[in-house]
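Trainee: Protein chains in written order, with our numbering: chain A, 28 to 243; chain B, 4 to 209. Using N, Cα and C, we set each Cβ at its ideal position, and we do this for glycine too. Note that this is a predicted model, so its numbers are computed, not measured.
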């Protein structure tokens, strides 16, 4: 159980697919102009991640090493098809907003990467934790980014036709945040911020290290 | 069959107005990954144009002559397409290695990467499901239109990639603030480039 929680937390912090590993970026930039769409995109990715992790971990002894990638892709594609059809039936507005990004979950580096790096070498129980952790990490970041863009770029957040938050009328939302160039620039600033943070942490660590050495 | 002007519009729309990299964010991984070096970018662009044309022809034939008559196109197209693309790329790689070493040296290393390049799957999917393609052309493509459309998407990819690579090479020499150096500046440059592409949208009224 302890190990299970550790694997789960790994996805949320140390190995978060987006902020640390920097993979699977395309869908994040494209979809994060609306919180609602981003949230369901995250849920879809999480579903595909967990289910494909479970199946791959369960049959990992039967999969020959040489043809593992095609087998992974077929398993992933089956679950993506399930998501595609379910979303089309029950959430048509979200489906038309996400468009081609739902079929493109098949080639999302995160899903295939976790199958290859984790599920193929670990037990089913742990693979579930990995899928949930990575999926949650993805969902939280993409939804937060979308909420920010929608709130400050559009003035309000609408979720399933309910208006959750509205900014006061004197705030004139800069539309560029919602458009493509805004996404690029905002993400560039986020990367700059996280790099600066990393540098500062590293410098602090080096300083601490040096002072320990001096004391010795 | 549509008229010549419609085909031109389809090409321009796919290449510039709905540029796959800069206005739709598809295949960004390769965009930021390999745009450091002009030589690599040229090889990648050629490989993408080549593979995309072949892949979308193959998937179009597969969809209209096999999946649709059998009535399974609606729910089998995702696994079917990705397998067709993966198998095709594998064969192309083997063929090039054996019969055309010069071409293989130029773009061989990119071929395996392209299997998981979202752009190829996206173009193939949109050709048979035009509802995704946000122009007012929601009808089934014929094979010829499909080829024009795919050529447009692939050329748009190459054009955006090459122009961005050229910019990044100049950017290495530019006085950029310390905290923006590297990836952040690349994103901001891409944002400005994308702003330019947005202007094309209103130019053609698409």
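1. Span of the beta strand (DSSP E) holding residue 14(B)?
2. For residue 163(A), would you say it is in contact with chain B, using Cβ-to-Cβ distances shorter than 8 Å as the test?
3. Would residue 103(B) be called buried (16 or more neighbouring beta carbons within 10 Å of its own) or exposed?
4. Where residue 259(A) and residue 198(A) are concerned, what is the direct C-alpha to C-alpha distance, given to the nearest angstrom?
5. Look up residue 183(A) in the DSSP assignment and give the residues it is bridged to.
6. Do you know offhand how far residue 137(B)'s Cα is from residue 173(A)'s?
7. Starting from the N-terminal side, write out each stretch of the alpha helix (DSSP H) that is 4 residues or longer and does not extend beyond the region 75 to 161 of chain B.
8. Rounding to the nearest angstrom, what Cα-Cα distance links residue 135(B) and residue 128(A) in this structure?
9. Which residues, taken in chain order from the region 83 to 98 of chain B, show a beta carbon closer than 9 Å to some beta carbon of chain A?
10. Does any residue of chain A bring its CB to less than 8 Å from the CB of residue 135(B)?
11. 8 Å is my cut-off, CB to CB: does residue 112(A) come that close to chain B?
12. Apart from the five residues on each side of it in sequence, which residues of its chain come closer than 7 Å, Cβ to Cβ, to residue 144(A)?
13. When you compare only the Cα positions, how much space is there between residue 60(B) and residue 144(B)?
14. Against chain B, does residue 181(A) count as a neighbour if the rule is that its beta carbon must be under 8 Å from one of theirs?
15. Classify residue 44(B) as helix, strand or coil using the three-state DSSP reduction.
16. Within the continuous alpha helix (DSSP H) that includes residue 34(B), where are the two ends?
17. Cα separation between residue 139(B) and residue 161(A)?
18. State yes or no: is the C-beta of residue 171(A) within less than 8 Å of the C-beta of residue 79(A)?
19. Counting only beta-carbon atoms, is residue 27(B) nearer than 8 Å to chain A?
20. Using a cut-off of 9 Å between C-beta atoms, extract the partners of residue 187(B) located in chain A.
21. Kindly say whether residue 90(A), judged by its beta-carbon, lies nearer than 8 Å to any beta-carbon of chain B.
22. Quick one: which chain A residues come within Cβ less than 8 Å of residue 7(B)?
23. If contacts are defined as beta-carbon pairs under 8 Å, then residue 181(A) and residue 205(A) qualify, I think. What distance do you get, rounded to the angstrom?
24. Could you check which residue in 192(A), 76(A) and 169(A) has the C-alpha nearest to that of residue 59(A)?
25. Within 8 Å of any Cβ in chain A, is that where the Cβ of residue 148(B) sits?
26. Which value, in whole angstroms, describes the spacing of the CA atoms of residue 4(B) and residue 131(B)?
27. Applying the criterion that 16 or more other CB atoms from any shown protein chain within 10 Å of the CB defines a buried residue, is residue 157(A) buried or exposed?
28. Does any CB atom of chain A fall closer than 8 Å to the CB of residue 129(B)?
29. Establish whether the CB of residue 191(A) and some CB of chain B are separated by less than 8 Å.
30. May I have the straight-line CA-CA distance separating residue 1(B) from residue 139(A), to the nearest angstrom?
31. Closest to residue 124(A) by C-alpha separation, out of 74(A), 84(A) and 66(A), would be which residue?
32. Am I right that residue 121(B) and residue 134(A) are in contact with their C-beta atoms under 8 Å? What's the rounded C-beta distance?
33. How long is the line joining the alpha carbons of residue 8(B) and residue 15(B), rounded to whole angstroms?
34. Taking any Cβ of chain B, which residues in the region 147 to 176 of chain A have a Cβ under 7 Å from it, in chain order?
35. Between residue 189(B) and the rest of its own chain, which residues show a CB-CB distance below 7 Å, the 5 nearest in sequence each way excluded?
36. Among 109(B), 202(B) and 82(B), which residue has its Cα nearest to the Cα of residue 48(B)?
Mentor: On the basis of the data shown:
1. Looking at the DSSP string, residue 14(B) is not in any beta strand (DSSP E); the run it does join, the alpha helix (DSSP H), is 7 to 15.
2. no
3. exposed
4. Outside the shown range of chain A, which is 28 to 243, sits residue 259(A), and nothing can be said about it.
5. 193(A)
6. Any reading at residue 137(B) must be qualified, since the residue scores a pLDDT of 46, below 50, and its modelled position is unreliable; no value is offered.
7. 76 to 102, 104 to 110, 114 to 118 and 121 to 131
8. Note that residue 135(B) scores 49 on pLDDT, short of 50, meaning its location in the model is unreliable; the coordinates nonetheless yield the value given after this. Each residue's Cα considered, the two are about 10 Å apart.
9. 83, 84, 85, 86, 89 and 90
10. Low per-residue confidence applies at residue 135(B): pLDDT is 49, beneath 50, and the placement is therefore not dependable enough to give any value.
11. yes
12. none
13. 12 Å
14. no
15. helix
16. 31 to 37
17. With a pLDDT of only 48 at residue 139(B), under 50, the local geometry of the prediction cannot be trusted, and no value is derived from it.
18. no
19. yes
20. 214, 215, 216, 217, 218, 219, 220 and 222
21. no
22. What residue 7(B) touches in chain A: nothing, since even the nearest Cβ is about 28 Å away.
23. 6 Å
24. 169(A)
25. no
26. In this prediction, residue 4(B) scores a pLDDT of 49, lower than 50, which makes its location untrustworthy; no coordinate-derived value is stated.
27. buried
28. yes
29. no
30. Residue numbering for chain B in the displayed model covers 4 to 209; residue 1(B) lies beyond these limits and cannot be assessed.
31. 66(A)
32. 5 Å
33. 11 Å
34. none
35. 35 and 171
36. 109(B)
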